[in-house]
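**Student:** Would you mind keeping the following structure in view while I ask a few things?
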DNA sequence: CAACCTATATACCGAACGGTATAATAACGG
DNA sequence: CCGTTATTATACCGTTCGGTATATAGGTTG
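See below:
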C-alpha cells in the first residue's frame, strides 16, 4: 500500500474511533509513520483528505448497487437486492459505514456533514426511485415514496447499528436480511 | 434567565449547529456575553457543561414518557402514546433532539458519545419493556423484542430527521404519527 | 551530467484550544 | 457595618491546532 492509501486508511480508523473534529492532522501522520507535508502534498487539507476518502468509498458503494439491484423485478425482490447491497457494503468495511452514518448525523454547519451529504442524498434518491418505479405493484402511494424510502433506509441503518453493538465480529446472513425486509413490508404482526 | 441557563442555551445552539468538538469554550461564552471563568465556575469543564445540559433535558423527556405511556392498553395505543411522547419532545426543542441524535451517532471513543449513551440506553430499554409486556398481544416474538424496539426508535428518528430537512418550521400532526405507527405495525402493503 | 519532477522531512507560523490563578464585585446574614 | 459567600472579569498558562516555507533525496528524462 502506498503512502496515500496508508494515510486514507489511518484517517478512516481515527475518524471512526474519535470523530472527524476530534482527530488532529498530526495524529493521522503519526499513525502512518509520516509527516504533515506528505499529507498536505496528497490531499491539500484535512477536509480534502476526508473528501478523497468519501469519494473512493462511495464509488465502491455504487458498484454494490449495480450488482444487486434490478428494478424490473417484483418489489419484494428489488427491496431484497437493495438491502443486500447495503448489508454487503457494510460488511466489506464496517468502520467506513459507521463513519458515514456518524458524519451524516452530525451538525449541519459542520464541514464534515457537508462533505458527506451529497453522497447520502444520491443513494437516498436511488431508493426513492425504486419505490417510484414500483408504484404499479404497491398501488397509489399518495406521494409516500419518500416516506417509504426513509423508512427503508432507517430500518436498515438501525439494524446495522444493532449489529455493530451486539455482534461486533459476526456477519449478517441472508435469512436475517429476508426477515427484516418481510417485517418492513408486512409489519410486525406478520 | 440566569447566566447558568444562558450558558446552557448558548452551548446547545452551538453544539447543534457546529458539533461538540468543533465548538470552543471561548465561542460559547462570547455568545452569552460572559467570560470563561463563569462557565468553569458553573460546570467545571466543557464536558461538564454538556453533561448538565443532557441531564436537564432528559429529565424533561422522562416527564413526556410518564404523560403519554400507559402500558396496560392495547399495543396499538401504547405504541401511539410512545410515538407521541417522542414527537412532542422533539417539537418542544428540535435543536436539542437533533443534538442528541448527532451525539449518539458519533464515534464511540468520543467523550460526547459516552456522555449521551446512558440516557439513550435508558429510553431504549423503556421501549424494549413496552414490547416485552405486550407479548400476550403480539404472540411469541422469539426474543425479537429488542429488534422491534430498535426498529421502532429507528423509524421515528428517521422520520424526525426527514421532518427537520423537509419541513423545518412545520409541526408534525397526530394523523401523521398514526400513519407512521400503522406502517410500522402492518407494513407498507396495508 | 544536468535539469526536472515526485515524494518526503525539518522546522516553523499565528491562532485557537481547554483550563486557571488571582482579584474585583455584588449580595446577604450577623 | 462587617465578614462571608457567590459570582464574574483580567490576564495568563502550556499545548495543540491546521497549515507552510524550505530543503533534500531519489528517480526519470533530456
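Residue numbers (our numbering), protein chains in the order written: chain L, 7 to 196; chain Z, 7 to 196.
Ideal placement from N, C-alpha and C gives every residue a C-beta, glycine not left out.
In the segment 112 to 132 of chain L, which residues sit with their C-beta less than 9 Å from some C-beta in chain Z, listed in chain order?
**Tutor:** So the close ones are 112, 113, 114, 115, 116, 117, 118 and 119.
**Student:** Judging by CA-CA distance, which residue of L:105, L:164 and L:140 is the nearest neighbour of residue 21 (chain L)?
**Tutor:** Comparing Cα positions, the closest option is L:105.
**Student:** Pick helix, strand or coil for residue 111 (chain L), following the three-state DSSP scheme.
**Tutor:** DSSP places residue 111 (chain L) in coil when its eight states are reduced to three.
**Student:** Taking CB distances under 9 Å as the criterion, tell me whether residue 50 (chain L) reaches chain Z.
**Tutor:** No, its Cβ sits nowhere closer than 9 Å to a Cβ of chain Z.
**Student:** Assuming residue 71 (chain Z) is part of the alpha helix (DSSP H), what are its boundary residues?
**Tutor:** Per DSSP, residue 71 (chain Z) belongs to the alpha helix (DSSP H) from 52 to 74.
**Student:** Contact criterion: CB-CB distance below 9 Å. Does residue 165 (chain Z) meet it with respect to chain L?
**Tutor:** So yes, residue 165 (chain Z) belongs to the interface.
**Student:** Along the segment 42 to 69 of chain Z, what residues have a CB closer than 8 Å to any CB found in chain L?
**Tutor:** Within the segment 42 to 69 of chain Z, no residue has a Cβ that lies closer than 8 Å to any Cβ of chain L.
**Student:** If we cut at 9 Å on Cβ distances, does residue 142 (chain L) have a partner in chain Z?
**Tutor:** No - not a single Cβ of chain Z is within 9 Å of the one on residue 142 (chain L).
**Student:** In terms of alpha-carbon separation, which member of L:71, L:139 and L:45 lies closest to residue 78 (chain L)?
**Tutor:** If we check each option's Cα against that of residue 78 (chain L), L:139 comes out closest.
**Student:** Taking only the alpha-carbon atoms, compute the straight-line gap between residue 31 (chain Z) and residue 43 (chain Z) and give it to the nearest angstrom.
**Tutor:** In a straight line, the C-alpha of residue 31 (chain Z) is about 10 Å away from that of residue 43 (chain Z).
**Student:** What distance in whole Å lies between the Cβ atoms of residue 162 (chain Z) and residue 92 (chain Z), which are believed to be in contact at a cut-off of 8 Å?
**Tutor:** That belief holds up - the Cβ atoms of residue 92 (chain Z) and residue 162 (chain Z) are roughly 5 Å apart, short of 8 Å.
**Student:** Please identify the residue among L:177, L:101, L:164 and L:128 whose C-alpha is closest to the C-alpha of residue 17 (chain L).
**Tutor:** The shortest Cα separation from residue 17 (chain L) among L:177, L:101, L:164 and L:128 belongs to L:101.
**Student:** Please list, in chain order, the chain Z residues whose beta carbon lies closer than 8 Å to that of residue 161 (chain L).
**Tutor:** Simply 157, 160 and 161.
**Student:** With a threshold of 9 Å between beta carbons, is residue 168 (chain Z) in contact with chain L?
**Tutor:** Yes, because at least one Cβ of chain L sits closer than 9 Å to the Cβ of residue 168 (chain Z).
**Student:** Quick check: the Cα distance between residue 70 (chain L) and residue 89 (chain L), rounded to an integer number of angstroms?
**Tutor:** Rounded to the nearest angstrom, the two C-alpha atoms are 11 Å apart.
**Student:** Does the distance from the CB of residue 207 (chain L) to the CB of residue 85 (chain L) come in under 9 Å?
**Tutor:** The requested residue 207 (chain L) does not occur in the structure, where chain L is confined to residues 7 to 196.
**Student:** Does the count of Cβ pairs from the segment 183 to 193 of chain L and the segment 34 to 42 of chain Z closer than 8 Å reach three?
**Tutor:** Cβ pair count under 8 Å is below three, so no.
**Student:** Using alpha carbons as the reference points, say which of L:137, L:148 and L:165 lies closest to residue 150 (chain Z).
**Tutor:** Of the candidates L:137, L:148 and L:165, the one whose C-alpha sits nearest the C-alpha of residue 150 (chain Z) is L:165.
**Student:** Which value, in whole angstroms, describes the spacing of the CA atoms of residue 45 (chain Z) and residue 34 (chain Z)?
**Tutor:** Each residue's Cα considered, the two are about 9 Å apart.
**Student:** For residue 24 (chain L), decide whether its Cβ has a neighbour in chain Z, counting only Cβ atoms nearer than 9 Å.
**Tutor:** Yes, because at least one Cβ of chain Z sits closer than 9 Å to the Cβ of residue 24 (chain L).
**Student:** Tell me, please, whether the segment 53 to 72 of chain Z touches the segment 112 to 123 of chain Z by the rule of three or more beta-carbon pairs shorter than 8 Å.
**Tutor:** Short answer: they touch.
**Student:** Taking C-alpha atoms, which residue in Z:159, Z:125, Z:115 and Z:116 lies nearest to residue 136 (chain Z)?
**Tutor:** The shortest C-alpha separation from residue 136 (chain Z) is found at Z:159.
**Student:** Please specify which runs of the beta strand (DSSP E), each continuous and at least 3 residues long, are wholly inside the segment 113 to 194 of chain Z, giving them in chain order.
**Tutor:** Those beta strand (DSSP E) runs which fall completely within the segment 113 to 194 of chain Z and span 3+ residues do not exist here.
**Student:** With a threshold of 8 Å on Cβ separation, who are the neighbours of residue 76 (chain L) within its own chain once the five nearest residues in sequence on each side are excluded?
**Tutor:** These residues qualify, in order along the chain: 83, 84 and 87.
**Student:** Thinking residue 152 (chain L) and residue 126 (chain L) are a contact (beta carbons under 8 Å), I'd like their distance in whole angstroms, please.
**Tutor:** Between residue 126 (chain L) and residue 152 (chain L) the Cβ distance is about 14 Å, and since that is not below 8 Å, they are no contact.
**Student:** Going by C-alpha to C-alpha distance, which of Z:168, Z:108 and Z:80 sits closest to residue 112 (chain L)?
**Tutor:** The residue with the shortest Cα to Cα distance from residue 112 (chain L) is Z:108.
**Student:** Taking residue 193 (chain L) as the reference, give the member of Z:25, Z:29 and Z:144 with the closest Cα.
**Tutor:** It is Z:144 whose Cα lies nearest to the Cα of residue 193 (chain L).
**Student:** Does the beta-carbon distance from residue 128 (chain Z) to residue 98 (chain Z) come in below 9 Å?
**Tutor:** Not in contact: residue 128 (chain Z) and residue 98 (chain Z) (Cβ atoms no closer than 9 Å).
**Student:** With residue 80 (chain Z) as the anchor, note down where its alpha helix (DSSP H) starts and where it stops.
**Tutor:** Segment: none, residue 80 (chain Z) is in no alpha helix (DSSP H) and carries neither H nor E.
**Student:** Measure the C-alpha to C-alpha separation of residue 177 (chain Z) and residue 154 (chain Z) and round it to an integer number of angstroms.
**Tutor:** Near 26 Å, if we compare the C-alpha coordinates of residue 154 (chain Z) and residue 177 (chain Z).
**Student:** Please report how far the alpha carbon of residue 190 (chain L) lies from the alpha carbon of residue 131 (chain L), in whole angstroms.
**Tutor:** Using only the alpha carbons, I get a separation of about 19 Å.
**Student:** Please confirm whether residue 27 (chain L) has its beta-carbon closer than 9 Å to some beta-carbon of chain Z.
**Tutor:** So, interface residue.
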